[in-house]
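Enquirer:
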Amino acid sequence: MGLQGDFYQVLKEQGYAFGLAGQAKVEQDLITATTILAFKYRDGVLVAGDRRATAGNLVMYDRTDKVLEIDRHSVMAIAGVPATAYEMARVLEHSFKYYRRTQLQELSFEGKLRALSKLLKENVAAALAGTGAVAPIFAGYDIEQEAAKIYFYDILGAEFEGVEYAVSGSGSPTIRGILHYLNTWGEQPLSASSEEQATVQALRLLTSAAEFDSATGGVNRDAGLYPVIKFITADGVRTVPDSQLRSLFESKVSRTT
Amino acid sequence: MYEEPYRWVEAVGNRRHYLDEQFKQGSPVVGVAYETGILLMTMSKGTPKLYEIYDRLALGGMGHPADLEKVRFSLLETAHVEGFNRSPFDVTGSRMVKYGLAPVIKQAFEEVFKAPFIVKMILAELGQKIGKDSFLTINYDGTFEEKSCYAVLGATPGVEEEMAAYLRQQTIVSLEQAVNAAVCSWAVGDLTQRQAFEETGEPREAPANLDRRVSDSDVLYDHIRQCMNGKSIECALLDRQMAGPSKYRTLGPDELATLLPRDLGRPAA
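The listed protein sequences derive, respectively, from chains A and B.
If you're matching positions, the first sequence starts at -9 in the working numbering and goes up one per residue.
If you're matching positions, the second sequence starts at 77 in the working numbering and goes up one per residue.
(1) Can the beta-carbon of residue 311 of chain B be found less than 8 Å from the beta-carbon of residue 115 of chain B?
(2) Would you identify the three-state DSSP class for residue 228 of chain B, choosing helix, strand or coil?
(3) Looking only at DSSP bridge pairs, what is residue 28 of chain A linked to?
(4) For the stretch 158 to 188 of chain B, which residues have a CB atom closer than 7 Å to at least one CB atom of chain A, in sequence order?
(5) Taking DSSP as the reference, what is the three-state secondary structure of residue 138 of chain A?
(6) Our contact map puts residue 223 of chain A next to residue 131 of chain A with C-beta atoms below 8 Å; I'd like the distance itself, whole angstroms only.
(7) Taking the C-alpha atoms as reference points, what is the distance between residue 207 of chain B and residue 149 of chain A?
(8) Are the Cβ atoms of residue 214 of chain A and residue 232 of chain A separated by less than 8 Å?
(9) Give every residue of the same chain whose Cβ lies closer than 6 Å to the Cβ of residue 130 of chain B, excluding the five residues on either side of it in the sequence, and list them in chain order.
(10) Taking the continuous alpha helix (DSSP H) assigned at residue 250 of chain B, which residues delimit it?
(11) Let me know the secondary structure DSSP gives residue 168 of chain B once reduced to three states.
(12) Less than 6 Å between C-beta atoms, sequence neighbours within five positions excluded: which residues of the same chain meet that for residue 89 of chain A?
(13) Shortest alpha-carbon distance to residue 262 of chain B belongs to which of B/271, B/135, B/239 and B/112?
(14) Residue range of the beta strand (DSSP E) that residue 149 of chain A falls in?
(15) When we look at the beta-carbon of residue 161 of chain B and count the other beta-carbons within 10 Å, is it buried (16 or more) or exposed?
(16) Taking residue 112 of chain B as the reference, give the member of B/330, B/340, B/314 and B/218 with the closest Cα.
(17) So if DSSP puts residue 325 of chain B in a beta bridge, which residue, or which two residues, is it bridged to?
(18) For residue 4 of chain A, return the contacting residues in chain B, with the cut-off set at a CB-CB distance below 8 Å.
(19) Let me make sure I understand the geometry here. Which of A/137, A/157 and A/69 has the alpha-carbon closest to that of residue 117 of chain A?
(20) Cβ of residue 193 of chain B less than 8 Å from any chain A Cβ?
(21) Using 8 Å as the limit for Cβ to Cβ distance, is residue 63 of chain A near chain B?
(22) State the DSSP-derived secondary structure class of residue 256 of chain B, mapped to helix, strand or coil.
(23) How would you call residue 61 of chain B, buried or exposed, if buried means at least 16 neighbouring beta carbons within 10 angstroms?
(24) Which residues share a DSSP beta bridge with residue 196 of chain B?
(25) When the Cα atoms are used, what is the spatial distance from residue 203 of chain B to residue 227 of chain B?
(26) Are there 16 or more other CB atoms within 10 angstroms of the CB of residue 174 of chain A, so buried, or fewer, so exposed?
(27) Closer than 8 Å, CB to CB, is residue 319 of chain B near chain A or not?
(28) With 16 other CB atoms within 10 Å as the buried threshold, where does residue 64 of chain A fall?
(29) Does the beta carbon of residue 92 of chain A sit closer than 8 Å to a beta carbon anywhere in chain B?
(30) Strictly below 8 Å CB to CB, what residues from chain B border residue 226 of chain A?
(31) Considering only their Cβ atoms, is the gap separating residue 173 of chain B from residue 220 of chain B smaller than 8 Å?
(32) Enumerate in chain order the residues of its own chain whose CB-to-CB distance from residue 51 of chain A is below 7 Å, with the five nearest sequence positions on each side excluded.
(33) Using 10 angstroms around the beta-carbon of residue 113 of chain A, count the other beta-carbons present and answer buried if the total reaches 16, otherwise exposed.
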C-alpha cells in the first residue's frame, strides 16, 4: 500500500466513498451552468473562469472561484455541480501532495490526468442521476517535457487534449467559435500572445459568454467583480490581481469608459 | 521467562543498551529556527534523512532506514487523512506525535518479544506566525520533548547536550547564520560521538573531559571537510516565504554553496 503512494486508496481503506449515486432523478439540467476556458499563450497556459453559481434561474453566488490551484504547476477549472467539483479538487490536491511526499518525486503530468479521470469515472452514477455531473478542464505545466498542456473531460471521465485551447460550461458554445476564429484568422495565433494580450482576450471572451448565457457572470464593475484568471508557467501558478484586471478591462474591453 | 517483573525490567534495560549501540555510527541531525523559517540539517551518504511530512511539517531522523520509512509513512498517512477530513490547520506536530506516533513507538519498545523501532526523530513545525515555530524530538522509547528555537539528535544525551550547548552560544537570524550554526553543531556532535565511543567503546551518558577543541571553528570546519569526502550536506527548509500552502523545500548544491562558509562551499578537491 505504502509503495503505491495512492492517497485515494488510503481514503477508501478508511471507509471514504466518493460519488455515491443519488436516488432522485433530477429532471432539471444542472450540468454546466458556467464558463471556463484555457488557452496557451507565449509563456505557458492561461486558465480563466467566471464567478457565478446558479441553481435553476436563481443566482446563488457571484464570487465563486472555479479556477482551483491543485499544486504548484496545475490548475483545475470546474464546470458542473460545485459540491462534487470542490470535493474532487480536494481529493486531487491531497493525492498529488501525498504522492510527492511518500514517493519523494513529483507525480507525472500523465499520472495527474489519470487521477482526475479515475475520479470522474467513479462519479458516473451520480453524474447520470443528475446530482453530481462535473466537466472540468485540467491545465498545467509539464516540468519533464517543459511544455504547457491543456486537457478537458466529459462527465464520464473521457479525457481530451485541447492542443491550443479548451472550453467548458453552458457559456462555452459562444466562445468556442470565437476562439477558433481568433486562433485561425487572428493577427497572430493565441499561443503567440503576450501575457497582457492573453488577459485581454480572456476578459473579452468571458464578457461575450455572459452576453449570451444567463448562467455566466460577466464583469460587475460596481461591485468590483472580475473573473478569475491564472497563468501557469515553468515558475508555477500565478493569479492576475483584480487591480490589473480592472485597468485592462477599462482600457481594452469596456466600450463605455 | 519474563513473567517476573524484574526480568521484564532487565529485558527493557538490555534493549536500551542494544539500541544505544545502534546509534553510535549515526549521523546527528540539527534543527534551527531562523528569521523566516526552519532549517533541518544532517550529513548523509546518499539516502536522504530529511523529509517533507505535511504543508508545515518536516522530519529529520537517525537510525535504521527501514524503521525510519515505517514511521515516515505512518506520519504521512495520519497527516494527510487528517488534513483532508478536517483542515490542514488541524495537522499539528503536537497532535501527530502525542496521540499518534509516541504511543506506538513506546509500545514497540516495551514489547520485549518484538523488535523495537531503531529511530530517533525531530519533527519540525513552521508556526502560522513568526516566533511560533516548534520542534518535537522523539526518542526510541517513545519519550518526546518540545523545543522552540532549536533541537538536535545525537547518539547519546551527552552528545546532544554538547550540540545544544554550541547552538545556545550562536546568534541565528539569517538563513546563512542558520546553515553555519547547524553545520558546526553537527560537527560538534559527530566529533563528540566519535571521541566518546573511541575512548570507551561503549556509549556514555556524559562525556566528562571532552577535549576543548571541539568548539573551535577551524577544527569543526576541518572535520566537515573530511566528512564531505564520503558524505554530503543535506539541508531542508520550511520556508515561510514560499508561495502556496506547502512550505517545504530542499537546498540544492548551488544554493547551499552560497550559504556555507567560503571554504566549505566548494566541493573537496
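Cβ coordinates follow ideal geometry from the N, Cα and C atoms, glycine included.
Expert: The structure says:
(1) Contact: yes.
(2) Residue 228 of chain B falls in the strand class under three-state DSSP.
(3) As a beta-bridge residue in DSSP terms, residue 28 of chain A pairs with A/37 and A/156.
(4) Cβ contacts with chain A come from 159 and 160.
(5) Residue 138 of chain A: strand per DSSP, three-state reduction.
(6) About 6 Å; that satisfies the 8 Å criterion.
(7) Their backbone Cα atoms lie some 47 Å apart in a straight line.
(8) Taking 8 Å as the cut-off, the Cβ atoms of residue 214 of chain A and residue 232 of chain A count as close.
(9) 155 and 167.
(10) DSSP places residue 250 of chain B outside any alpha helix (DSSP H), giving it a letter other than H or E.
(11) Residue 168 of chain B: coil per DSSP, three-state reduction.
(12) Hits under 6 Å: -5 and 97.
(13) Considering only alpha carbons, the answer is B/239.
(14) 149 to 151 is the span of the beta strand (DSSP E), which, as asked, contains residue 149 of chain A.
(15) Note on residue 161 of chain B: under 16 other CB atoms within 10 angstroms of its CB, so exposed under the neighbour-count rule.
(16) Minimum Cα distance to residue 112 of chain B is reached at B/314.
(17) According to DSSP, which records beta bridges pairwise, residue 325 of chain B is partnered with B/313.
(18) What residue 4 of chain A touches in chain B: 157.
(19) The residue among A/137, A/157 and A/69 with its C-alpha nearest the C-alpha of residue 117 of chain A is A/69.
(20) So no, residue 193 of chain B is outside the interface.
(21) No, residue 63 of chain A does not count as interfacial toward chain B.
(22) Residue state, collapsed to three classes: helix.
(23) What the structure shows of chain B is the stretch from 77 to 345, and residue 61 of chain B is not part of that stretch, so it cannot be assessed.
(24) B/138.
(25) Cα-Cα distance, rounded: 15 Å.
(26) Counting Cβ neighbours within 10 Å, residue 174 of chain A comes out exposed, since fewer than 16 surround it.
(27) So, interface residue.
(28) Label assigned to residue 64 of chain A: buried.
(29) Flagged as an interface residue toward chain B: residue 92 of chain A, by a C-beta distance shorter than 8 Å.
(30) The contacting residues are 319 and 320.
(31) Going by beta carbons, residue 220 of chain B and residue 173 of chain B fall inside the 8 Å limit.
(32) So the qualifying residues of the chain are 43.
(33) Burial call: buried.
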